[in-house]
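> Have a look at the structure that comes next, please.
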Amino acid sequence: MSHQRPPRVSIVGYPLPNGRGSVKIMKRLLLIALLLPAPVAAGEPIIRSLNLRGLQVGGTTAVTLDGDDFGPSPKLLLAFPAKQILKPGSTDKKATFDVTLDDAATPGYYHLRIVSGDGVSAPVVVAVDRLPQLPFAPTIDQLPAALHGNVAGGQGVETRWKGKAGDHVLVEVDAQRLGSKLRPVLHLYGPQKLQIAWAWTRSTLFGDARLEAKLPEDGEYVLSLHDLEYNPPAPSFFRLRVGTWSAIDQVFPPAIVKGKNAGIEMLGTTGTLSAKTSPTEMTGILPLDWPQKGVWAGPRPFVILSEHPEIVRDSASAQPMDVPAGLVGISAHLLTPMGEDRYRIPAPGGSKVRLEVFAERIGSPLDAGLVIRGDKGESLARNDDGPGSLDPVLEYTVPAKATSFVVGVVDAQGRAGPRAIYRLVVAPQGAKGAEIFSLMTPTQRVAVPPGGRAVLPIWIKRQGYDGPIVLRAEPLPKGVTLEGATIPADADGALVTVLGAAAGDSTIARWLGQPKSGTALPVYLKDHPLQRLQPWLATEVALGVSAPSALQYELDWAKLPADLVLMRTAKLTLPVKFNRPGKDGIVRLTLITSQQPIVLNNQPDPNKNLKAEKVVELAGKTLEGEVVVSVPIQLPGPVYDVTVQADWLTPDKKTVLATRFALVQRLTVQSPLIVTLAKNRVESAVDTKKAVTVKVEGKLQRKGDLKGDATVTIAGLPDAIKATPAIVKAVESAFSVLLTIPANTPPTELKDLKLSASAAPNPGQPNLRVTSAVLDVTLVLTKAP
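In my numbering, the protein residues as written are 4 to 788.
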């Protein structure tokens, strides 16, 4: 069995008040806001706001939701047992629930959804703990408490309470961690109107703020909360925890070996607590139990479950640590400001090693760098920031005669200390377990019409694993099944069809992808804001079967050719037919594919993305339509799934009444250039006195609208042998690539030579070329007669 390491956690940034990377992180937040999926229409309920974004363990919380399309009898969908009562007076746009949690409910952050007869809403994040959940008010009668409110415009909010000398007070804002855009700043003033403590947004709190204070005297204390720039973007809600309670900020080591006992430390507001984990066969992430004593609040602590060895470094050692060969993770504290921890990595000359540090992504204040050292300690290579993160990634090719090298993890900003935790992952190319991948979906909820189908795109990011992935969902609602739940080898995704039963309940499903061997890995919601903070929330997809409807609306293919392919540079026509449930209304046709969008300069790359030529909207008595797909010149994958989504709209196009999908088609990608070889094994005798010319011959076929000259080349030859490319004119098909063999070339057999053809479909863009499939050629040179 091959071993897989847990998938890389996507990077989601939060604003820093100052320092390197703050602008980058703010831009990342904006990008995330743009990429998060918009609420799906078709009558599904929409939550716009909540009066309280928290539920009390062992108590009852009255939660009021405002939104649309709640229906007459909505229900809350939660990931844990809860008693809920819909209170009288609730409407289609406003519903109040009394939610009672058992005393054994686990604190943390959770998704809350509302379910109607037409589907499930997008989730909102709520906190669960033992604190009383109260609307924000000018005074607090009793501590601890969690106050819920909004910061409007440029104004802040204030509350006060009677405090006693010596009281320890902890104040923390839950805002960005719950989905708010408020950048919180806290001020605490004493009875003498003097500020005794303040705090602002911190990266280690994922953009939120915390202050602690020991009250100096009896009297009234005032707590002020405002936005960092006195201009909060909407939404600007908050949850303010005030009083005496405890939180866990970090876990060390951040990763442990799956299936083994491990000792861990939980670092939080009450210091460092020791605990032990029991062996588990879970994969990916292990949520940890809270300490038994105390009132705990905030995100639940967790560790990564690793499939390969994990080592804890002795932070007291100043010498380079010898790392065992193979895929390994090392966890450590970087204690010395601007200091460096060094590691000696065994690796044969010419091999490649991927080095990656996890620090910012696991809530550490450390801004780490990676540096490769020479024999005298000189810097040979360095990286400070990886893609989309302050954490570094470095791929290093070991010098030809070396057997090892030294890498250092450095403190780039002087933030070292007991909380400066990091994890270094060393992944030699080809090492057991180094073939990894991660899975994601842009869809956070699926509503299936009774007896109908819905489509869920799932994408893969490959890092060494090129095989197929079998997908499954756990649990599925009763009667719901899946089709097309396999990502083919080398493909970058699949469209999974979810088939609905006649009726069924909604559930929260987690999707998994199983490789040919090794461990199944979870499918994460793309750019989920809490993937770093509570990773399991980013694996939740709501699945439900809609209630039966009188709206009879169906969609099918019309005259779909049996030999459909995705021909690069060509057009693909997808015809559909449908019925019209009413005389009025518009049918909008949309192309859905399994391709993960490829971005160039923050825009979709037109040369690599499948796209519909235009938006198709059909009115009147039209019962058929078509989507014309432009197949780009550089479409990278070997196979893609495609379908057409048909939305039935009201005449004003503001409301989607129903959504249907055509049967998913899995189409192979073909080039308009097809090369065939007369022989793929070419033999020739060498000459001791003069060069010899060898011909590699074949034919070239053009398909579609491709015209013009094509070029045939061979790659992989040694430098001494020269190849003259063949230029195949538009009216020609035969070609000969000429190989010049120097005199006195020793007899040899050259395998894995690569022959391919290319052409420029647009003469005005000669560098934008379409290529054929690559063919293997073997050249056999024999001794001169």
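Built from N, CA and C at the ideal position, the CB exists for glycine as well.
1) Enumerated in chain order, which unbroken segments of the beta strand (DSSP E) with a length of 3 residues or greater are wholly contained in the stretch 255-284?
2) Residue range of the beta strand (DSSP E) that residue 223 falls in?
3) To the nearest angstrom, how far is it from the Cα of residue 577 to the Cα of residue 498?
4) Checking 8 angstroms against the spacing of the C-beta atoms, do residue 428 and residue 359 come in under that value?
5) For residue 341 and residue 277, what's the separation of their Cα atoms in angstroms?
6) Quick one: any contact between the stretch 568-575 and the stretch 601-610, if contact means 3 or more CB pairs under 8 angstroms?
7) For the ligand NAD, is there a heavy atom less than 7 angstroms away from the beta-carbon of residue 448?
8) Would you say residue 652 and residue 588 are within 8 angstroms of each other, going by their C-beta atoms?
9) Just checking, does the stretch 131-145 make contact with the stretch 201-221 on the three C-beta pairs under 8 angstroms criterion?
10) I need the straight-line Cα distance from residue 418 to residue 412, nearest angstrom please.
11) Quick one: using the 10 Å Cβ neighbour count with 16 as the cut-off for buried, is residue 264 buried or exposed?
12) Return the chain-ordered list of same chain residues with a C-beta closer than 6 angstroms to the C-beta of residue 251, the five sequence neighbours on each side being excluded.
13) Applying the criterion that 16 or more other CB atoms from any shown protein chain within 10 Å of the CB defines a buried residue, is residue 730 buried or exposed?
14) Could you give the distance in angstroms between the alpha-carbon of residue 779 and the alpha-carbon of residue 293?
15) For the beta strand (DSSP E) holding residue 391, just list the boundary residues, first then last.
16) What distance in whole Å lies between the Cβ atoms of residue 431 and residue 356, which are believed to be in contact at a cut-off of 8 angstroms?
17) Do residue 672 and residue 645 have their beta-carbon atoms positioned less than 8 angstroms apart in this structure?
18) Taking the beta carbon of residue 650 as the centre, do at least 16 other beta carbons fall within 10 Å, making it buried, or is it exposed?
19) Please name the residue or residues paired with residue 329 in a DSSP beta bridge.
20) When DSSP builds the beta bridges, which residues end up paired with residue 408?
21) Using only the alpha-carbon positions, how far apart do residue 28 and residue 442 sit?
22) Just to check my reading of the structure: residue 235 and residue 154 have Cβ atoms closer than 8 angstroms, yes? What is that Cβ distance to the nearest angstrom?
23) Determine, using beta-carbon pairs with one atom in the stretch 460-470 and one in the stretch 513-527, whether at least three such pairs fall under 8 angstroms.
24) With H, G and I counted as helix, E and B as strand and the rest as coil, what does DSSP make of residue 460?
25) Is it true that the CB of residue 364 sits closer than 8 angstroms to the CB of residue 394?
26) Candidates 85, 247, 608, 166: which alpha carbon is nearest residue 149's?
27) What would DSSP say about residue 247, mapped onto helix, strand or coil?
28) Would you call the CB atoms of residue 390 and residue 313 closer than 8 angstroms?
29) Report the option in 546, 560, 679, 726 whose CA atom is closest to the CA atom of residue 777.
30) Under the assumption that residue 323 contacts residue 409 (Cβ atoms under 8 angstroms), give the Cβ distance between them as a whole number of angstroms.
31) On a CA-only basis, which of 661, 657, 622, 610 is nearest residue 637? Give me that one, please.
32) Just how far apart, CA to CA, sit residue 580 and residue 615?
33) Compare the beta carbon distance of residue 789 and residue 746 with 8 angstroms and say whether it is the shorter of the two.
34) Quick one: what's got a C-beta closer than 6 angstroms to residue 787's C-beta in the same chain, skipping five residues either side?
In this structure, then:
1) 258-260, 265-271, 274-280
2) 222-230
3) 16 angstroms
4) yes
5) 28 angstroms
6) no
7) Among the ligands in the structure shown, none appear at all, so the ligand NAD cannot be discussed.
8) yes
9) no
10) 13 angstroms
11) exposed
12) 269, 271, 304
13) exposed
14) 59 angstroms
15) Careful: residue 391 lies outside any beta strand (DSSP E) and carries neither H nor E.
16) 5 angstroms
17) no
18) buried
19) Answer is none; residue 329 lacks a bridge partner.
20) 348
21) Confidence in residue 28 is poor, its pLDDT being 36 and thus under 50, which makes the residue's placement too unreliable to answer from.
22) 5 angstroms
23) yes
24) strand
25) yes
26) 247
27) coil
28) no
29) 679
30) 6 angstroms
31) 610
32) 18 angstroms
33) Residue 789 falls outside the range modelled here, since the chain spans only 4 to 788, and no answer is possible.
34) 688, 689, 690, 691
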